[in-house]
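Structure record follows, encoded as structure tokens.
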Amino acid sequence: MDLTQQITSLATFAHLSFTLFRCSRLQYMSNQLYGDSQTMVKNAMFCLAKQQELDPTAPFYLFQVCDDPLERLFGKLRMLGGHNSAMNYLQAIDRVGHACDLQGAFMHNPDLEQGERRLSMSRSEGVDHLMMKSWTADLTAGSCHEAAAWNAGRDIAIGIFEKTAVPREHYDYETLFADEDVDMLRPWRGASQVQERLSKRCTNPLGFPLDRRATSATPESQKLPARTGRHHSPL
């Protein structure tokens, strides 16, 4: 698949998920998974647009659009803390410098780095998709017209839904996206207002206030009496 076909497939997935989530909601996928999926597509589109501005003649590999380098850096931040992997803001700033030094040392000496267990590729059947030399199609950033690929993916999704019993109103994308309050991450108009009404209507059997501001203050009955003198912390 060349880059245009890959972007078209991503656009098809985005439109299919949008309509299926509007129709079936949580029976299709969770709110979190839907948001992550659409954000993944959005990030890929943004990265391609940035690459086209920087150097349209350079190749663009979708499998490199990920946060693995950030996860590796965060892993080193936690490692530098030893038994105290948590950190406050000042500690994080201090550790970032040391983590960058480690990252630079490992880049110059890759044989010294053991790697990350959770980021390793253990399935051999997918290795060819993660090797640049395995992609022989045209992957130059300038070869893909994003708007045309996006519209092609939308048309493919419409063609799929026209063969099903899904109501036309759920995949009439021109009408749906004409509303400024509706997009891929907000499938329904006024979604924030709907969530607010649902949160006010939900039951609260424990009797805790739903307003976070009301939970910030400690009730008088739960406040500890003031102590005098010096006390050593048990920690």
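Note that the working numbering has the sequence shown beginning at 367, numbered continuously upward. Just so it is clear, CB atoms sit at the ideal spot from N, CA and C, and this is done for glycine as well.
Nearest neighbour of residue 509, chosen from 458, 473, 419 [CA to CA]: Along the sequence shown, one-based indexing puts residue 509 at 143. When each option's Cα is compared against that of residue 509, the closest is 419.
So for residue 555, helix, strand or coil by DSSP? As a working note, residue 555 is residue 189 in the sequence shown. Here residue 555 sits in coil by DSSP.
Residue 506, DSSP secondary structure in three states: Taking the sequence shown and counting its residues from 1, one reaches residue 506 at position 140. In the structure shown, residue 506 sits in a strand (DSSP, three-state: E or B).
Going by beta carbon distance, what residues of the same chain come within less than 6 Å of residue 368, once the five residues before and after it are set aside? By one-based count along the sequence shown, residue 368 stands at place 2. Only 503, 504 meet the Cβ criterion.
Near residue 472, what residues of its chain come up, given a Cβ to Cβ distance below 8 Å and the 5 sequence neighbours on each side ignored? The sequence position of residue 472 within the sequence shown is 106, counting from 1. For residue 472, where only same-chain residues beyond five positions count, the Cβ hits under 8 Å are 478, 479.
Looking only at its chain, what residues have a beta carbon closer than 7 Å to the beta carbon of residue 564, apart from the 5 residues adjacent to it on each side? As a first step, residue 564 is located in the sequence shown; it is residue number 198 there, counting from the start. The pLDDT assigned to residue 564 is 42, lower than 50, so where the model puts this residue is not dependable; a value taken from the coordinates is nonetheless given after this. The same chain holds no residue with a CB closer than 7 Å to that of residue 564 once the five nearest residues on each side in sequence are set aside.
Rounded separation between residue 540 and residue 414 - CA only: As a first step, residue 540 is located in the sequence shown; it is residue number 174 there, counting from the start. As a first step, residue 414 is located in the sequence shown; it is residue number 48 there, counting from the start. Between residue 540 and residue 414, the alpha-carbon positions lie close to 24 Å from each other.
From 423, 465, 377, 422, residue whose alpha carbon lies closest to that of residue 405: The sequence position of residue 405 within the sequence shown is 39, counting from 1. Closest by alpha carbon: 377.
DSSP on residue 467, reduced to helix/strand/coil? Along the sequence shown, one-based indexing puts residue 467 at 101. DSSP places residue 467 in helix when its eight states are reduced to three.
Do you know offhand how far residue 533's Cα is from residue 525's? Within the sequence shown, residue 533 is the residue found at index 167, counting from 1. Within the sequence shown, residue 525 is the residue found at index 159, counting from 1. Using only the alpha carbons, I get a separation of about 13 Å.
With DSSP run on the structure shown, which of helix, strand or coil describes residue 547? To locate residue 547, count along the sequence shown from 1; it is residue 181. Three-state result, residue 547: coil.
Rounded straight-line distance, which links the Cα of residue 553 to that of residue 394: Taking the first residue of the sequence shown as position 1, residue 394 is located at position 28. Taking the first residue of the sequence shown as position 1, residue 553 is located at position 187. If I take the Cα positions, the gap works out to 13 Å.
So for residue 425, helix, strand or coil by DSSP? Locating residue 425 in the sequence shown gives position 59, counting from the first residue. In the structure shown, residue 425 sits in a strand (DSSP, three-state: E or B).
Taking 7 Å as the line, does the beta carbon of residue 368 fall inside it for any heavy atom of the ligand ATP? Judged by which ligands are present, the structure shown has none, so any question about the ligand ATP falls away.
Look at the Cβ atom of residue 465, then the Cβ atom of residue 439, and state whether they are nearer than 8 Å. For the purposes of this step, residue 465 is taken as the residue at position 99 of the sequence shown. For the purposes of this step, residue 439 is taken as the residue at position 73 of the sequence shown. Taking 8 Å as the Cβ cut-off, residue 465 and residue 439 qualify as a contacting pair.
For residue 424 versus residue 430, is the C-beta spacing smaller than 8 Å? The residue labelled residue 424 in the question sits at position 58 within the sequence shown. The residue labelled residue 430 in the question sits at position 64 within the sequence shown. No, the pair does not count as a contact, with Cβ atoms beyond the cut-off.
Taking the alpha helix (DSSP H) that residue 529 falls in, what are its first and last residues? Reading the sequence shown from its first residue, position 163 is the one you call residue 529. Premise fails: residue 529 is in no alpha helix (DSSP H) and is neither H nor E.
As a quick exercise: from 412, 382, 410, pick the residue whose alpha carbon is nearest that of residue 400. Along the sequence shown, read from residue 1 onward, the residue named residue 400 stands at position 34. When only C-alpha atoms are compared, the closest one is 382.
For residue 385 versus residue 527, is the C-beta spacing smaller than 8 Å? Counting from one through the sequence shown, the residue named residue 385 turns up at place 19. Counting from one through the sequence shown, the residue named residue 527 turns up at place 161. Cβ atoms of residue 385 and residue 527: closer than 8 Å.
Checking 8 Å against the spacing of the C-beta atoms, do residue 422 and residue 507 come in under that value? Taking the first residue of the sequence shown as 1, we reach residue 422 at position 56. Taking the first residue of the sequence shown as 1, we reach residue 507 at position 141. Yes, these two residues count as a Cβ contact at 8 Å.
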